[in-house]
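Undergrad:
Numbering (the numbering used here), first residue to last: 11 to 211.
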């Protein structure tokens, strides 16, 4: 009996901190998806275009963590990975250098341009699918990739919506997920070739 209690105590000692970290990272966060007014202002984005599997985004994430720590990052995703070959998936990932009427961060803009990032002005839209998730560490990202995207896909199917492109905005301690429901073409970077492949789930 004493051995069993020691095993239970040891397991609890190991699992307790791990569970606390997972909870802090958003494991138990309630994912509430809704259709609402477009939640973002006009943006100036310095981005890199990626054609290929989502794993190819990792080097850009790592580069942004070095070049623009503490800034807002943004990913734009143009294709449904269940309908498009991995090598043909189109994405753009970069750093927001200005919002609304605010002047751009010129030093950051020059730094990113020197590293091969291109500029695009992203407008506002009327409506979007939207939710948020805590962004506290790397684990938050991986939890969100499963829990949030499942919720977004199910919501879109249930309500017969066709959002595209999809966006993630990282900043202020959260990941903001946005699926554009109008003015779609205005959110396509030139390298995509335009709104040819629509993301429909």
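Cβ coordinates follow ideal geometry from the N, Cα and C atoms, glycine included.
Give me, in chain order, the residues of the same chain whose beta-carbon lies closer than 7 angstroms to that of residue 197; leave out the 5 immediate sequence neighbours on both sides.
TA: Here the set comprises 86, 132, 175, 190.
Undergrad: Hey, how far is the Cα of residue 79 from the Cα of residue 168?
TA: 38 angstroms
Undergrad: Within 10 angstroms of the Cβ of residue 192, are there 16 or more other Cβ atoms? Answer buried if so, exposed if not.
TA: exposed
Undergrad: In chain order, what residues of the same chain have a beta carbon less than 6 angstroms from the beta carbon of residue 115, not counting five sequence neighbours either side?
TA: 107
Undergrad: Can you round the beta-carbon distance between residue 152 and residue 184 to whole angstroms, since I take them to be within the 8 angstroms contact cut?
TA: That belief does not hold up - the Cβ atoms of residue 152 and residue 184 are roughly 16 angstroms apart, past 8 angstroms.
Undergrad: List the residues that DSSP assigns as beta-bridge partners of residue 130.
TA: 55
Undergrad: Kindly identify the DSSP beta-bridge partner or partners of residue 87.
TA: 101, 176
Undergrad: According to DSSP, is residue 96 part of a helix, a strand, or is it coil?
TA: helix
Undergrad: Going by beta carbon distance, what residues of the same chain come within less than 8 angstroms of residue 49, once the five residues before and after it are set aside?
TA: 138, 140, 186, 188
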